[in-house]
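Participant: Could you have a look at this structure, given as structure tokens, before my questions?
Numbering (this note's numbering), first residue to last: 6 to 628.
Printed below as a string of structure tokens:
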């Protein structure tokens with residue numbers, strides 16, 4: 006395989022992201038520039054430029070309105086679907102789509118996600134030593150066509166060819182022994198989503214039997230419960246709602262996440278946030294304990310909903326709980342003991358901890374990349390998470406492809422007109438499980454015009470649904486009588502045009518160049534600062550051994566560089582550094598000549614002859 010054919014696996018998580026790759030026949034997790042195997046899914050806009058990952062997370066408390074986290078929750082979403090979310094940053098309406106407003110610019114969720122993917126890509130390139138062009142990116146099993154397409158677009162903006170979009174629980178199960186003959190329940194409880202998939206593994210074939218989940222069930226909801234509990238208690242005591250203060254809210258979210266993690270292994274977690282706010286000029290501190298019992302009380306209904314989804318998936322698979330050989334835990338929130346206890350009660354066995362919940366999705370994506378590139382011979386049979394169909398007469402949803410159908414797949418059905426002389430029909434494409442169209446999610450609409458005028462029920466209109474291996478849906482309609490046809494690729498009203506994608510790619514490249522320039526600026530400032538320090542040190546060392554004129558010229562050169570350094574005038578810094586270095590060379594020459602002359606005089610006080618000839622000697626470089 007050529008180097009540029011390597012396919013990296015990216016787990017684009019709500020809280021953390023991860024990347025891995027095949028090196029030869031060995032799969033390796035790739036560390037980021039900070040040395041971690043997982044990267045916080047944070048993007049921050051600062052005066053020094055855009056920060057991604059741990060540097061962004063570290064400054065979130067002091068820059069809450071410009072630090073983006075949990076962007077995954079907004080992927081492929083209309084503004085009306087997410088406007089209720091409480092975030093320190095501003096979610097705005099951009100032509101019906103959800104966007105993030107930073108200063109006077111709106112950023113799409115695809116752009117923000119692309120910045121995180123770019124960091125994954127850069128980590129992989131630094132690790133491998135060459136450019137990476139291809140990737141597998143994972144999404145929640147219940148991501149619809151729009152959300153999957155948005156994720157694919159984010160990868161493209163980041164400069165990657167997205168070979169496949171696969172579901173997270175599907176990716177996770179690829180880590181098990183492909184030769185085993187077992188039935189698995191994969192419980193994926195992540196940052197903002199929850200899925201449970203029933204998977205049958207036999208002779209290298211991974212068949213997803215059924216899946217169910219909820220895009221609103223995740224660790225962020227648990228964090229929110231803790232935040233609200235602590236904020237309510239503080240409000241009772243102090244009369245101030247911390248949730249109205251973006252900086253205080255960000256600190257609360259960080260503390261809640263830490264408490265959640267701590268309570269997975271301890272009986273209590275202490276939240277201690279000094280100077281959380283000021284009331285009438287008096288600083289207030291937040292000190293509160295959350296017990297494990299209180300924590301479980303706060304989240305019991307959330308965990309129970311995940312168990313309901315597990316039961317639903319089990320029923321759809323046609324299997325009983327006793328048929329499941331192993332329950333696999335995926336996602337950080339799967340570590341919560343209450344979730345594990347309820348899973349054990351449902352399946353009659355303790356959940357397995359064989360997989361690393363934080364990294365197994367990425368490594369599974371890499372295994373799928375290995376399949377595509379010829380490094381692995383396993384066969385993956387994934388399924389559609391939610392039913393898709395069209396609206397028919399009476400406002401009903403007519404499902405063409407049912408949930409848990411193996412993908413890729415194609416299905417056709419024939420419809421007709423509802424009125425005499427009707428020459429046009431609207432194809433209203435929906436996703437969901439409810440019988441009425443209005444209660445399901447609209448994926449797209451298009452018209453088929455030019456139908457021959459005829460009595461109601463006579464025209465034959467063939468509607469075709471085609472779902473590819475990424476779970477992206479294409480719909481076509483054809484009038485069999487006239488041959489007229491039209492189609493739509495469901496990229497949805499929230500998706501981006503090719504022009505928009507290309508524009509974002511250009512902006513991403515521009516940002517990469519800006520990052521490079523920013524690095525060069527900092528390095529130049531550091532060099533100037535070091536030169537100033539060394540020069541001032543040398544002035545002290547050479548005092549009395551150089552002329553007053555030389556000392557003055559050196560001080561003048563240092564002062565000039567200090568001035569341009571403070572002003573961050575990079576062009577002037579270059580000029581001043583050259584002048585200072587040249588001056589140091591001249592003054593240094595004078596210093597050594599004077600020192601040599603003095604030593605000669607002291608060694609031979611009666612010899613007034615000048616020792617001006619320099620001798621060639623062997624010397625060791627002083628580092």
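The beta-carbon is built from N, C-alpha and C at its ideal position, and this holds for glycine as well.
With DSSP as the reference, identify every bridge partner of residue 411, one or two as the case may be.
Facilitator: Position 406 of the chain shown, counted from the start, is the residue given in the question as residue 411. According to DSSP, residue 411 bridges with 388.
Participant: Please state whether DSSP places residue 237 in a helix, a strand or coil.
Facilitator: For this step, residue 237 is matched to residue 232 along the chain shown. In the structure shown, residue 237 sits in a helix (DSSP, three-state: H, G or I).
Participant: Strictly by DSSP, which residues pair up with residue 45?
Facilitator: Position 40 of the chain shown, counting from 1, holds the residue named residue 45. DSSP, once it has assigned bridges, lists 21 as partnering residue 45.
Participant: Can you check whether the CB of residue 174 is closer than 8 Å to the CB of residue 113?
Facilitator: Position 108 of the chain shown holds residue 113. Position 169 of the chain shown holds residue 174. Not in contact: residue 113 and residue 174 (Cβ atoms no closer than 8 Å).
Participant: For residue 333 and residue 435, what's the separation of their Cα atoms in angstroms?
Facilitator: Residue numbering aside, residue 333 sits at position 328 when the chain shown is read from its first letter. Residue numbering aside, residue 435 sits at position 430 when the chain shown is read from its first letter. C-alpha separation (whole angstroms): 32 Å.
Participant: Excluding the 5 residues flanking residue 565 on each side, which residues of the same chain have their C-beta closer than 6 Å to its C-beta?
Facilitator: Counted from its first residue, the chain shown places residue 565 at position 560. Answer for residue 565: 581, listed in chain order.
Participant: Three or more C-beta pairs under 8 Å: does that hold for the stretch 447-462 against the stretch 402-409?
Facilitator: no
Participant: Identify which residue in 439, 354, 367, 300 has its Cα closest to the Cα of residue 391.
Facilitator: In the chain shown, residue 391 corresponds to position 386, counting from 1. Nearest C-alpha to residue 391 among 439, 354, 367, 300: 439.
Participant: Does the stretch 165-183 come close enough to the stretch 273-287 that 3 or more CB-CB pairs lie under 8 Å?
Facilitator: no
Participant: Just list the alpha helix (DSSP H) runs in the stretch 165-218, keeping only unbroken ones of 4 residues or longer that don't cross its boundaries, in chain order.
Facilitator: 173-178
Participant: Using 8 Å as the threshold, is the stretch 203-212 in touch with the stretch 241-255, meaning 3 or more CB pairs across them?
Facilitator: no
Participant: Is residue 248 helix, strand or coil by DSSP?
Facilitator: Locating residue 248 in the chain shown gives position 243, where the first residue counts as 1. The answer is helix: DSSP assigns residue 248 an H, G or I state.
Participant: Cα-Cα, which of 78, 63, 79, 80 is closest to residue 72?
Facilitator: Walking along the chain shown from the start, residue 72 turns up at place 67. Minimum Cα distance to residue 72 is reached at 63.
Participant: If you draw a straight line from the alpha carbon of residue 322 to that of residue 203, how long is it in whole angstroms?
Facilitator: By one-based count along the chain shown, residue 322 stands at place 317. By one-based count along the chain shown, residue 203 stands at place 198. Computed Cα separation, rounded: 7 Å.
Participant: Compute the distance between the beta-carbons of residue 284 and residue 137, then report whether it is under 8 Å.
Facilitator: Locating residue 284 in the chain shown gives position 279, where the first residue counts as 1. Locating residue 137 in the chain shown gives position 132, where the first residue counts as 1. Result no, Cβ atoms of residue 284 and residue 137 do not sit closer than 8 Å.
Participant: Between the C-alpha atoms of residue 389 and residue 140, what's the straight-line distance to the nearest angstrom?
Facilitator: Locating residue 389 in the chain shown gives position 384, where the first residue counts as 1. Locating residue 140 in the chain shown gives position 135, where the first residue counts as 1. If you take the alpha carbons of residue 389 and residue 140, they lie about 21 Å apart.
Participant: Check whether chain B comes within 8 Å of residue 196, counting only Cβ atoms and requiring the distance to be less than that.
Facilitator: No chain B is part of this structure, which consists of one protein chain only.
Participant: Taking only runs that begin and end inside the stretch 347-386, name each unbroken alpha helix (DSSP H) of 4 or more residues, in chain order.
Facilitator: Segments of the alpha helix (DSSP H) lying fully in the stretch 347-386: 365-378.
Participant: Is residue 558 helix, strand or coil by DSSP?
Facilitator: Taking the chain shown and counting its residues from 1, the one referred to as residue 558 is at position 553. Taken through DSSP and simplified to helix, strand or coil, residue 558 comes out as helix.
Participant: Can you tell me which residues form a DSSP beta bridge with residue 274?
Facilitator: Sequence index remark: in the chain shown, residue 274 carries index 269 (1-based). In the DSSP output, where bridge partners are listed per residue, residue 274 has 295.
Participant: Is it buried or exposed for residue 441, if we count other Cβ within 10 angstroms and need 16 for buried?
Facilitator: The count along the chain shown starts at 1 and reaches residue 441 at position 436. That one is exposed.
Participant: Note down the Cα distance separating residue 347 from residue 307, rounded to an integer number of angstroms.
Facilitator: Looking up residue 347 in the chain shown gives position 342. Looking up residue 307 in the chain shown gives position 302. Cα atoms of residue 347 and residue 307: separation of roughly 12 Å, rounded to the nearest angstrom.
Participant: When you compare only the Cα positions, how much space is there between residue 56 and residue 36?
Facilitator: Within the chain shown, the letter at position 51 stands for residue 56. Within the chain shown, the letter at position 31 stands for residue 36. Taking the straight line from one Cα to the other gives about 17 Å.
Participant: Using the C-alpha atoms, what's the distance from residue 289 back to residue 335?
Facilitator: Position 330 of the chain shown, counted from the first residue, corresponds to residue 335. Position 284 of the chain shown, counted from the first residue, corresponds to residue 289. The straight-line gap from Cα to Cα measures roughly 39 Å.
Participant: Check whether the Cβ atoms of residue 218 and residue 320 lie closer than 8 Å to each other.
Facilitator: Along the chain shown, read from residue 1 onward, the residue named residue 218 stands at position 213. Along the chain shown, read from residue 1 onward, the residue named residue 320 stands at position 315. In this structure, residue 320 does not lie closer than 8 Å to residue 218 by Cβ.
Participant: Give the range of the beta strand (DSSP E) segment to which residue 441 is assigned.
Facilitator: For the purposes of this step, residue 441 is identified with residue 436 of the chain shown, where counting begins at 1. Looking at the DSSP string, residue 441 is not in any beta strand (DSSP E), and its letter there is neither H nor E.
Participant: For the putative contact between residue 324 and residue 187, defined by C-beta atoms under 8 Å, what is the C-beta separation to the nearest angstrom?
Facilitator: Along the chain shown, one-based indexing puts residue 324 at 319. Along the chain shown, one-based indexing puts residue 187 at 182. Not confirmed; about 12 Å, so no contact.
Participant: Residue 115 and residue 158 - do their beta-carbons sit closer together than 8 Å?
Facilitator: As a first step, residue 158 is located in the chain shown; it is residue number 153 there, counting from the start. As a first step, residue 115 is located in the chain shown; it is residue number 110 there, counting from the start. Contact flag set, yes.
Participant: Using the DSSP secondary-structure output, state which residues sit across from residue 50 in a beta bridge.
Facilitator: The residue labelled residue 50 in the question sits at position 45 within the chain shown. Residue 50 is bridged to 55.
Participant: Does DSSP classify residue 290 as helix, strand or coil?
Facilitator: Position 285 of the chain shown, counted from the start, is the residue given in the question as residue 290. It is a strand residue.
Participant: So, under 8 Å CB-CB, residue 292 and residue 261 are touching, yes? Tell me the CB distance rounded to an integer number of Å.
Facilitator: If you number the chain shown from 1, residue 292 lands on position 287. If you number the chain shown from 1, residue 261 lands on position 256. Not quite, the Cβ-Cβ distance comes to about 15 Å (not below 8 Å), so this is no contact.
Participant: Write down the C-beta distance between residue 145 and residue 118 rounded to the nearest angstrom, noting that I regard them as a contact closer than 8 Å.
Facilitator: Position 140 of the chain shown, counting from 1, holds the residue named residue 145. Position 113 of the chain shown, counting from 1, holds the residue named residue 118. Wrong, their Cβ atoms sit about 14 Å apart, outside the cutoff.
Participant: What does the alpha-carbon distance come out to for the pair residue 500 and residue 479?
Facilitator: Taking the first residue of the chain shown as position 1, residue 500 is located at position 495. Taking the first residue of the chain shown as position 1, residue 479 is located at position 474. Any reading at residue 500 needs caution, since the residue's pLDDT is 48, under 50, leaving its predicted position unreliable; the model's value is listed next. Distance from the CA atom of residue 500 to the CA atom of residue 479, rounded to whole angstroms, is 14 Å.
Participant: Figure out for me which residue from 572, 529, 593 has the closest Cα to the Cα of residue 549.
Facilitator: For this step, residue 549 is matched to residue 544 along the chain shown. That would be 593, whose Cα lies nearest to the Cα of residue 549.
Participant: For residue 461 and residue 27, what's the separation of their Cα atoms in angstroms?
Facilitator: The residue given as residue 461 occupies position 456 in the chain shown. The residue given as residue 27 occupies position 22 in the chain shown. Their backbone Cα atoms lie some 59 Å apart in a straight line.
Participant: Would you identify the three-state DSSP class for residue 39, choosing helix, strand or coil?
Facilitator: Here residue 39 corresponds to residue number 34 of the chain shown, with the count starting at 1. Looking at residue 39 - three-state DSSP - the assignment turns out to be coil, as it is neither helix nor strand.
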